[in-house]
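Chain order of the listed sequences is A and B. If you want the numbering used here, it's the position in the first sequence, counting the first as 1, plus 3. If you want the numbering used here, it's the position in the second sequence, counting the first as 1, plus 8. The C-beta atom is built at its ideal place from N, Cα and C for all residues, glycine as well. These numbers were taken from a predicted model, which means no experiment stands behind them.
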Amino acid sequence: DAGITQSPRYKITETGRQVTLMCHQTWSHSYMFWYRQDLGHGLRLIYYSAAADITDKGEVPDGYVVSRSKTENFPLTLESATRSQTSVYFCASSDRGETQYFGPGTRLLVL
Amino acid sequence: RKEVEQDPGPFNVPEGATVAFNCTYSNSASQSFFWYRQDCRKEPKLLMSVYSSGNEDGRFTAQLNRASQYISLLIRDSKLSDSATYLCVVNGNTGRRALTFGSGTRLQVQP
C-alpha cells in the first residue's frame, strides 16, 4: 500500500529552469495540497485541489503552477526556478479536507 | 502576527517527565484543531485532533480554549521516542479545507 508518494525525493537545478515535482496518491482522496517548509516559516500552502480539474491558490502561489487531470496525481511546476524556491516541498491528501496525510517530501536546491 | 504561534523551544526534558506545549491562533472562526508530529527530515504525521471538551490518547492530552484561542498538548511519562517537533495546526474555516501550521515546538527527551 503505497499511500502517497513524491518524486523526485531530491533535486538540484539551476536558476531559470523549469522543474516539476510529482505527487501520487492511491487512496482516491478528493483533496490534495502542496506545501513548502522553510526554517522560521513552518509549512505554507502553495496550491490545493478539491477534485480533478479544480485547483486554487494558497498562501504562496507565485512562481508555481499546478494541474490535476486525474484524481490521483497533483504535479507542481516551478516555471522558472529561483533561489528563493529552495525548500522542502510536501504534498498531502485528504478525504474530506480535515486530516491530511503527507508524502515524504522533495528537497529542492536551486543554484 | 502569525496565524498560529508556538514557542519554538527546544524543550529538553528527562525521560519520564511531563511536558506541556501551548499554541495560540488568531482566527476566532477556526473550526478544527490538530497536533501533528514531525521527526527530523520527515513528513508531518497526525498525532491527534483536539476537541472542545479536551481529549486524551494514551500519554497525550490535548486541550482547547476557544475563549482565549489557545491549544495545549500535554505529554506524560516522556519517552526517548517522543523527541520530535510538534506542530500546532488549525483549520481556519476558509472553505478551502487547507490547514494553517505553526512553526513547531521542538522536544528533546534525554536519557
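At a C-beta separation below 7 angstroms, B/L107 has these neighbours in chain A: Q103. No Cβ-Cβ contact shorter than 8 angstroms links A/D56 with A/S90. The beta carbon of A/H32 sits no closer than 8 angstroms to any beta carbon of chain B.
Here A/A95 is buried. Its C-beta has 16 or more other C-beta atoms within 10 Å.
Contact between A/G43 and A/S83 does not hold, since the beta-carbon distance rounds to 25 angstroms and is not under 8 angstroms. Per the C-alpha coordinates, the member of A/S87, A/L111, A/V68, A/R86 positioned closest to A/P78 is A/V68. Put simply, the CB of B/P18 is far from chain A, with every gap to its CB atoms at 8 angstroms or more. The beta carbon of B/F109 sits closer than 7 angstroms to those of V12, L95, V97, all from its chain and outside the five residues before and after it, given in chain order. Counting other Cβ atoms within 10 Å of its Cβ, A/Q28 reaches 16 or more and is therefore classed as buried. Between B/V117 and the set B/V58, B/R84, B/L55, B/S91, the nearest pair of CA atoms involves B/S91.
Between A/H27 and chain B, the shortest Cβ-Cβ separation is not below 8 angstroms. Looking only at B/W43, B/F41, B/S86, B/C31, the smallest Cα-Cα distance to B/D15 is reached by B/C31. Note on geometry: alpha-carbon atoms of B/S38 and A/M25 lie some 31 angstroms from one another. At a cut-off of 8 angstroms between beta carbons, B/L54 contacts chain A.
Only residues of its own chain outside the window of five on either side were considered, and among them G6, I7, S96, D98, Y104 have a CB closer than 8 angstroms to the CB of A/W30, listed in chain order. Between the alpha carbons of B/L88 and B/E23 lies a gap of roughly 6 angstroms.
Taking a C-beta distance under 8 angstroms as the contact criterion, A/F36 and B/E51 do not qualify as a contact pair.
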